[in-house]
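See structure below.
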Amino acid sequence: MRQEMGPMSIERMRRELHEYIEGVARQQAVRQDEHLPDPWYHFEIRIADIGVYPSITQTEFAMDFELPDSTRYHEAMKTIATECTKLSILINEILSVQKEFHVGQLENMVLLFMNTENISVHESVHRIISLIRKHYAACEDAVASLPWTDDEVDNEHIREYIRGCRRLATGTGHWAYLCTRYFDETQLDEKWGLVLNFEAPGSAT
Numbered sequence: 001m002r003q004e005m006g007p008m009s010i011e012r013m014r015r016e017l018h019e020y021i022e023g024v025a026r027q028q029a030v031r032q033d034e035h036l037p038d039p040w041y042h043f044e045i046r047i048a049d050i051g052v053y054p055s056i057t058q059t060e061f062a063m064d065f066e067l068p069d070s071t072r073y074h075e076a077m078k079t080i081a082t083e084c085t086k087l088s089i090l091i092n093e094i095l096s097v098q099k100e101f102h103v104g105q106l107e108n109m110v111l112l113f114m115n116t117e118n119i120s121v122h123e124s125v126h127r128i129i130s131l132i133r134k135h136y137a138a139c140e141d142a143v144a145s146l147p148w149t150d151d152e153v154d155n156e157h158i159r160e161y162i163r164g165c166r167r168l169a170t171g172t173g174h175w176a177y178l179c180t181r182y183f184d185e186t187q188l189d190e191k192w193g194l195v196l197n198f199e200a201p202g203s204a205t
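Per full-length UniProt numbering, the sequence shown starts with residue 1, numbered consecutively.
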């Protein structure tokens with residue numbers, strides 16, 4: 001990748017990977033703490049440790065183009081990248097909560113909202129769904145302010161970059177539904193609705 005990526009993309013990747021490693025270290029420190037984190041702090045550190053930003057930058061390598069920094073760091077572009085990162089996190093928090101609960105990994109926004117706000121699983125999931133709608137709307141609103149140019153090739157690069165951002169958010173859910181990492185396919189109804197199961201293995205339903 002280093003041989004084929006442009007200098008600006010390489011520098012962005014370097015910074016993003018550095019931030020990713022620091023984010024993972026913060027997340028590990030939280031997991032080793034005796035107390036559960038605040039859900040909003042958990043959300044904040046997940047933005048860095050989920051690895052979406054370097055994955056977005058790889059879009060430039062995969063599609064053989066390089067955005068100038070003036071385009072990549074335009075306010076609308078930054079907003080879309082950030083909002084898609086948040087969407088990836090929120091989608092994953094819902095889809096992974098059953099597995100994480102069963103293995104005793106409680107640093108999940110569904111469980112953290114239940115802990116801090118004394119609400120039910122159902123209420124907590126719907127709280128996160130409302131956040132998904134909020135961040136999706138913010139992402140779509142930013143599209144109106146994208147830095148279009150008179151060069152159609154540059155504009156197509158912008159469009160492909162935005163598609164890459166969106167694919168990471170939607171791909172999080174698609175991947176979870178196609179594998180068995182988080183839940184069994186028998187938990188999906190005919191419309192792919194997911195029924196979460198928090199019963200201990202072998203216990204009565």
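Glycine residues also receive a C-beta, built at the ideal position from the N, C-alpha and C atoms.
Rounded distance between the beta-carbons of residue j and residue i, thought under 8 Å
i    : j    : result
N115 : S96  : Not confirmed; about 17 Å, so no contact.
T85  : Y41  : With a Cβ gap of about 16 Å, T85 and Y41 do not count as contacting.
S55  : L168 : 6 Å
G6   : E66  : 4 Å
G173 : I119 : Wrong, their Cβ atoms sit about 23 Å apart, outside the cutoff.
Reduced DSSP secondary structure (H/G/I, E/B, other) of residue i
i           : result
L67         : coil
L95         : helix
residue 206 : Nothing can be reported for residue 206: it is not among the residues displayed for the chain, which extend from 1 to 205.
E199        : coil
L112        : helix
L188        : strand
L36         : coil
Spatial neighbours of residue i in its chain, beta-carbon cut-off 6 Å, leaving aside the 5 residues before and after
i   : result
E83 : H135, A138, C139
I89 : R46, I50
D33 : none
R26 : I45
Pair within 8 Å by beta-carbon distance, residue i and residue j
i    : j    : result
V103 : S124 : no
M63  : E160 : yes
G164 : T59  : yes
K99  : R181 : yes
F113 : R133 : no
V30  : P39  : no
T71  : I158 : yes
A76  : S145 : yes
L194 : L188 : yes
S9   : F61  : yes
Contacts around residue i, its chain only, beta-carbon distance under 7 Å, and the 5 residues preceding and following it disregarded
i    : result
H74  : P147
T205 : Because T205 sits at a pLDDT of 43, beneath the cut-off of 50, its placement in the model cannot be relied upon, and the following sentence gives the value as read from the coordinates. Excluding positions up to five away in sequence, the list reads E199.
E11  : none
R166 : C84
L131 : L90
Within-8 Å CB hit, residue i to chain B
i   : result
K86 : The structure shown contains no chain B, having only a single protein chain.
Other residues of its chain near residue i: CB distance less than 8 Å, five sequence neighbours each side excluded
i   : result
E19 : A48, Y53
message: List, from N- to C-terminal side, the beta strand (DSSP E) runs of 3 residues or more that fit wholly inside the region 133-170.
response: none
- request: Jot down the residue ranges of each uninterrupted alpha helix (DSSP H) in the region 3-30, minimum 4 residues, whole runs only, in chain order.
  value: none
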